[in-house]
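Here's the structure we're looking at; comments come further down.
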Amino acid sequence: MSLRRTISYCIAIAIVSVLLNGCSGKFAEKRELHFPELCEGDVVFRKGGSVVSRMVLCADRDGKYSHIGVIVVKDGKCMVVHSVPGEPDFDGDTDRVKLETIDSFFSEERASSGAIMRPRIGGDTLSAVAGKAMELAERKVLFDHNYNLSDTSKLYCTELIDFVLRFAGVNLTEGRTTHINIPGMVGDYLLPSDIYKSSKLETVFCF
970 MSLRRTISYC IAIAIVSVLL NGCSGKFAEK RELHFPELCE GDVVFRKGGS VVSRMVLCAD
1030 RDGKYSHIGV IVVKDGKCMV VHSVPGEPDF DGDTDRVKLE TIDSFFSEER ASSGAIMRPR
1090 IGGDTLSAVA GKAMELAERK VLFDHNYNLS DTSKLYCTEL IDFVLRFAGV NLTEGRTTHI
1150 NIPGMVGDYL LPSDIYKSSK LETVFCF
C-alpha cells in the first residue's frame, strides 16, 4: 500500500470518527486573543479540528498539538511561516510552505487551542531561524506528502521547523522521534510533540 493510499485510508477512518463523535461547537465560539510581544523565531503550536489534525493527534499519542509554525517579521508585522496541506490561498494553490498572519493561523476555524513558545537562544540565532523560514516561504517549497525526513526538497510541518532550527545550529528535537506502525507507514517521524517537549523552550502564551 502506498503512503498516499495509507493516508487516505487513515483520513477515511478519521472522517468516520468525526461523524460518530459529532461536532463539539468549539470553533463556533468567538474569541479575541491578546498576544504578548512576540519575537522572530518563536515557535507556534495549534490543535486543529480537521480530519488531518485528528489523524496527527491519533498518531502522536503524547501530543497536545497537531500543527507547528514559526514567527517571522515582515514589514514590521509578526507573521507565521508553516507548511500545511489543504489550506490554499487561492484556487489552484499547491500544498506548500506559506506565510500568513498569526490571527489567521490561530483562527477559530483552525485552532481550538494553541501555544507560543520561545527558544532559549540568542537573538541573532533566532533571526537566522526566521530568515531561513522566510526564504523557504518565498520559494514556495512544496509540502512533503511522503513525510520523508531524509529529503528536504519538500517539507512537512514539523520537518520544516526542525530544518530551519538546525540551519541556525539549534536542536530542539534532542533525538526524539515518534514511531508509527500502521500498514504502509512504518518508521520514525517528527511530530509536533517531539519539539514541544524540548527543555530549551519556554511558554510565552497559550489558550
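Read in order, the letters of the sequence shown correspond to residues 970 to 1176 in my numbering.
A virtual CB, placed ideally from N, CA and C, is assigned to each residue, including glycine.
Please read all numbers here as calculations on a predicted model, not as lab measurements.
Use the C-beta contact count for Glu-1171: other C-beta atoms within 10 angstroms, 16 or more gives buried, fewer gives exposed. Label assigned to Glu-1171: exposed.
Quick check on DSSP: helix, strand or coil for Met-970? With a pLDDT of 48 at Met-970, under the threshold of 50, the modelled position of this residue cannot be trusted; read the value that follows with caution. For Met-970, the secondary structure class from DSSP, reduced to helix, strand or coil, is coil.
How many Å lie between Pro-1057 and Arg-1108 at the Cα? Roughly 16 angstroms between the two C-alpha positions.
Taking C-alpha atoms, which residue in Arg-1015, Gly-1055 and Lys-1043 lies nearest to Ile-1037? Per the Cα distances, Arg-1015.
Evaluate Cys-1175 with the Cβ neighbour count: other Cβ atoms within 10 Å of its Cβ, from every protein chain shown; 16 or more gives buried, anything less gives exposed. Flag for Cys-1175 reads exposed.
In whole angstroms, what is the alpha-carbon distance linking Leu-1002 and Val-1173? Approximately 13 angstroms, taken between the alpha carbons.
Which complete alpha helix (DSSP H) runs does the stretch 1081-1157 hold, if anything under 4 residues is left out? The qualifying runs are 1092-1107 and 1126-1136.
Take every Cβ of the stretch 1031-1049, pair it with every Cβ of the stretch 1069-1082, and state whether three or more of those distances are shorter than 8 angstroms. Yes, the stretch 1031-1049 touches the stretch 1069-1082.
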